[in-house]
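All you need for the numbering used here is the position in the sequence shown, starting with 1, plus 154. For glycine and all other residues, C-beta sits at the position ideal for the given N, C-alpha and C. Have a look at the structure below before the remarks.
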Amino acid sequence: MSNKFKSDIEIAQSANMLPISEIAKNYGILEDELEHYGKYKAKVSFDAMKRLESKEDGKLVLVTAISPTPAGEGKSTTCIGLGQALNKIGQNAYIALREPSLGPVFGVKGGAAGGGHAQVVPMEDINLHFTGDMHAITAANNLLSAAIDNHIHHGNALRIDAREIVWKRVVDMNDRALRNVVVALGGKVCGFPRQDGFMITVASEIMAILCLAQDLMDLKEKFGDIIIGYNLDGEPVTARDLNVHGAMAMLMKDAIKPNLVQTLENTPVLIHGGPFANIAHGCNSLIATKLALKLGDVVITEAGFGADLGAEKFLDIKCRKGGLKPDAVVIVATIRALKMHGGVAKADLGEENVEALKKGFVNLAKQVENMRKFGLPVLVAVNKFVSDTQAEVDALIEKCRDFGVEVSLNECWEKGGEGGVEMAEKLMHILNTQTSHYAPIYDETKTIDEKLNTIVKEIYGGEGVIVEPAARKQIKKLEELGLDKLPICMAKTQYSFTDDPTAMGAPTGFHITIKDVRVSAGAGFIVCQTSNIMVMPGLPKVPAANNIDIDANGTISGLF
């Protein structure tokens with residue numbers, strides 16, 4: 155079977171991987187700075203960062219996308235292919251990505267290691283247990299949950315109001331039955347019964363803190379600041395009050411170190427942390443990104459879903475918290491997805507439709523406009539499909555040029571790095587000729603309402619926000635506690651600029667409804683949740699798990 159007709163997992167399983175020690179040696183990491191997890195993956199110790207701390211940073215490039223559609227955009231594939239292409243044209247490039255969650259792997263979306271000939275390997279390991287980071291996050295989160303109920307059981311010296319506990323348990327799986335549960339049933343020895351609930355692990359504040367911490371001691375301090383609920387006087391109770399933040403940090407002592415793997419073409423990749431962008435801040439860890447900037451001349455990183463979610467949070471939360479100054483943004487689009495934004499049904503995407511493409515261009519144009527508002531140079535990367543006609547390609551190129559944005563077609567899925575050479579060359583031209591004037595879109599010291607309205611008006615293109623009464627009370631409480639001067643993390647559907655997932659393109663004249671506001675005091679941001687977001691996803695009628703199998707030789711099939 156030729157590679158052209160192989161599935162993603164078959165391509166990954168036939169990869170010519172180099173020992174991870176060789177990848178490290180070729181790209182600036184010393185053997186003593188590696189902690190091996192088998193032959194092809196390793197953690198990088200903080201000794202590497204200490205050794206390189208005085209070295210000048212490389213260029214930082216964010217890969218983001220238009221609003222996602224069922225047609226697919228290929229953001230991770232483009233990100234990986236671009237990194238491969240940069241090394242192919244002689245650049246010293248590193249890639250920094252998020253870790254996949256088991257929830258999507260067994261649900262609808264599948265894994266997150268790229269596709270075709272632009273993948274990160276070992277693909278099976280990365281998409282499954284990898285180096286155990288997700289399990290460590292789950293354990294740290296649930297240790298805090300156990301400590302809360304144990305404290306109440308043994309007298310409740312902190313006078314925790316069981317009706318005001320905001321900390322939830324987590325599991326790294328899609329399981330709708332766990333969204334709302336009752337714990338501590340079974341009588342006196344089992345504690346005091348109360349209503350509780352589960353989130354998916356990647357929605358945990360532990361994950362957010364991991365991705366925004368500078369080192370292990372900073373992680374421990376941030377864990378201490380986590381607000382688990384309120385006492386009978388309405389005052390916040392923290393993990394530090396329960397004195398478990400040290401034990402939580404201990405559970406994370408290895409998970410805090412970034413993971414080194416490689417692409418199919420042996421380009422180095424640091425994979426670390428994996429918050430979702432529709433319910434969390436959607437970026438890999440600051441630690442991995444900063445290490446990559448010391449090791450590479452160009453660093454390609456990504457942020458989840460469309461630019462209105464992942465990129466906005468990357469620029470308003472991650473870069474602000476970490477002192478990062480991105481140099482350019484690559485926005486991924488496909489002709490198929492743009493036609494969907496122009497009103498074409500998924501079943502009809504194989505038919506040429508230039509007018510729908512032009513109509514759907516408004517989504518791409520709005521995403522480009524948004525990135526320019528942050529002062530960043532932009533390159534549009536079009537992930538090419540076999541079904542794209544020349545007329546459609548020509549129309550998209552013309553629309554981009556009329557809009558004043560550079561555009562490049564890429565065929566990384568089919569051809570790997572070779573399929574992204576033009577894209578890499580155009581990116582390097584932008585980096586060498588254009589200057590980034592990056593600045594966050596809002597002042598974090600403004601009121602919560604002002605920050606919300608800025609995001610909705612400037613990034614989403616809406617009229618403003620509608621805050622439900624319960625959320626208004628939550629905002630007032632945060633203001634009284636002095637916890638309102640933090641960046642905003644919007645929990646919103648990824649499929650639209652609005653909070654209606656069916657409203658495609660670039661709608662105007664709408665409002666965003668906020669139903670829940672909570673502070674992630676450890677991570678240092680305020681989560682504002684719209685009316686249609688679940689922090690614990692469910693499985694579809696036919697989950698991806700039904701097609702995943704393993705044979706007697708240990709060969710996995712059906713993983714994508």
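Reduced DSSP category for residue i - H, G, I as helix; E, B as strand; rest coil
i	result
residue 352	strand
residue 412	coil
residue 698	helix
residue 458	coil
residue 618	strand
residue 230	helix
residue 544	helix
residue 680	strand
residue 535	strand
residue 613	helix
residue 705	coil
residue 225	coil
residue 275	strand
residue 262	coil
residue 645	strand
residue 504	coil
residue 257	helix
residue 450	coil
residue 270	coil
Residue range of the unbroken beta strand (DSSP E) whose run includes residue i
i	result
residue 667	665-674
residue 390	390-392
residue 251	247-251
residue 689	Careful: residue 689 lies outside any beta strand (DSSP E) and carries neither H nor E.
Cutoff 8 Å; reference residue i; Cβ partners in own chain excluding five residues on either side
i	result
residue 611	617, 618
residue 357	324, 429, 430, 433, 434, 689, 690
residue 595	466, 469, 470, 527, 528, 608, 609, 612, 613
residue 157	Note that residue 157 scores 47 on pLDDT, short of 50, meaning its location in the model is unreliable; the coordinates nonetheless yield the value given after this. Counting only Cβ-Cβ distances below 8 Å, and skipping sequence neighbours, we find 165, 168, 271.
residue 663	616, 617
residue 656	649, 650
residue 173	193, 194
residue 373	363, 364, 367, 403, 406, 410
residue 507	493, 496, 498, 546
residue 694	261, 262
residue 672	320, 628, 680, 681, 683
Cutoff 6 Å; reference residue i; Cβ partners in own chain excluding five residues on either side
i	result
residue 448	206, 209
residue 139	Look at the range of the chain in this structure, 155 to 714, and you will see that residue 139 is not part of it.
residue 613	462, 466, 524
residue 692	328, 330
residue 442	250, 412, 424, 426
residue 182	449
residue 171	194, 275
residue 212	447, 450, 451, 452, 453
residue 259	265, 281
residue 344	338
residue 581	533
residue 517	220, 221, 495, 659, 660
Same chain, Cβ closer than 7 Å to residue i, five either side skipped, listed in chain order
i	result
residue 377	363, 393, 399, 402, 403, 676
residue 591	529
residue 285	191, 195, 197, 413
residue 511	489, 492, 493, 496, 546, 549, 550
residue 653	646, 647, 666, 667, 684, 685, 686
residue 639	598, 599
Residue i, enclosing alpha helix (DSSP H) - first and last residue
i	result
residue 341	From DSSP, residue 341 is part of no alpha helix (DSSP H); its letter is neither H nor E.
residue 623	623-635
residue 508	508-527
Whole-number beta carbon distance between residue j and residue i, since they are thought to touch under 8 Å
i	j	result
residue 514	residue 541	The pair is not a contact, with the Cβ atoms about 15 Å apart (cut-off 8 Å).
residue 215	residue 452	6 Å
residue 620	residue 583	The pair is not a contact, with the Cβ atoms about 44 Å apart (cut-off 8 Å).
residue 261	residue 697	6 Å
residue 533	residue 576	About 11 Å separates the two Cβ atoms, so there is no contact after all.
residue 315	residue 396	So it is not a contact: roughly 14 Å between Cβ atoms.
residue 710	residue 291	Incorrect: roughly 24 Å between the Cβ atoms, too far for contact.
residue 312	residue 391	5 Å
residue 140	residue 267	This structure cannot speak to residue 140, because the chain is shown only from 155 to 714.
What runs of the beta strand (DSSP E), each 3 residues or longer, lie entirely inside the stretch 548-609?
Counting whole runs of 3 or more residues, the stretch 548-609 contains the beta strand (DSSP E) stretches 560-564.
Uninterrupted alpha helix (DSSP H) stretches inside the stretch 155-222 (no shorter than 4 residues)
Correct list: 162-167, 174-180, 200-206.
Quick check on the DSSP output: what are the complete beta strand (DSSP E) runs of length 3 or more inside the stretch 465-499, in order along the chain?
Annotation note: the stretch 465-499 contains the following uninterrupted beta strand (DSSP E) runs of length 3 or greater, listed N- to C-terminal: 482-487.
Identify every run of the alpha helix (DSSP H) within the stretch 277-353, keeping only runs that are complete inside it and at least 4 residues long; order them along the chain.
If we require 4 residues or more, the alpha helix (DSSP H) runs fully inside the stretch 277-353 come out as 277-281, 287-307.
What ranges does the alpha helix (DSSP H) occupy inside the stretch 359-441, keeping only unbroken runs of at least 4 residues that lie completely in it?
As far as the stretch 359-441 is concerned, its whole alpha helix (DSSP H) runs of at least 4 residues are 359-366, 370-378, 393-396, 399-405.
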